[in-house]
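K.L.:
The following block contains the structure, expressed as structure tokens.
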Amino acid sequence: IIAVDEINGSGGIDGRRVELLIKDNEFDPDICRIKAEELVAAGIEGLIGPMSSDMTLASVEIFNEAGISMISPTASTPKLSDIDDFFLRVNPSDESEGIK
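Written as structure tokens, this is what we have:
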């Protein structure tokens, strides 16, 4: 929230204000898909989250099909390893970690 205030206080990004939208998926894949569709309908440009592999798997295709960039800070399932059009995982997969 502080970063959003700082960005907007400096004129935004390319003159556009940043708006923070928070949705609670209740760790339910069906609700997660509904919330993902709501975010797409709201016209978001990108998103950080969801915070689990299961919820990321439930919603990643919705965001990919809409062309919305998705950054996952915590999803680690190897099932996400080949999804790369609009998806970025910041941490290694469980499989990569297990090899070490």
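Numbering of the sequence shown is given in my numbering, commencing with residue -18 and proceeding in unit increments.
We put the CB at the ideal spot given by N, CA and C, even for glycine.
Owing to the predicted nature of the structure, the values given are computational and were not obtained by experimental measurement.
Quick check: what's the CA-CA separation for Ile29 versus Gly(-7)?
P.N.:
Looking at the two C-alpha atoms, the distance is approximately 18 Å.
K.L.:
For Leu61 and Met32, I'd like the C-alpha separation in whole angstroms.
P.N.:
Cα to Cα, the separation comes out at about 13 Å.
K.L.:
Does the beta-carbon distance from Val21 to Ile49 come in below 8 Å?
P.N.:
Cβ atoms of Val21 and Ile49: closer than 8 Å.
K.L.:
Going by C-alpha to C-alpha distance, which of Ile(-12), Phe44 and Ile15 sits closest to Glu26?
P.N.:
Of the candidates Ile(-12), Phe44 and Ile15, the one whose C-alpha sits nearest the C-alpha of Glu26 is Phe44.
K.L.:
Closest to Glu19 by C-alpha separation, out of Asp35, Leu2 and Phe8, would be which residue?
P.N.:
Out of Asp35, Leu2 and Phe8, Leu2 has the C-alpha closest to the C-alpha of Glu19.
K.L.:
Helix, strand or coil: which one does DSSP assign to Phe68?
P.N.:
Here Phe68 sits in strand by DSSP.
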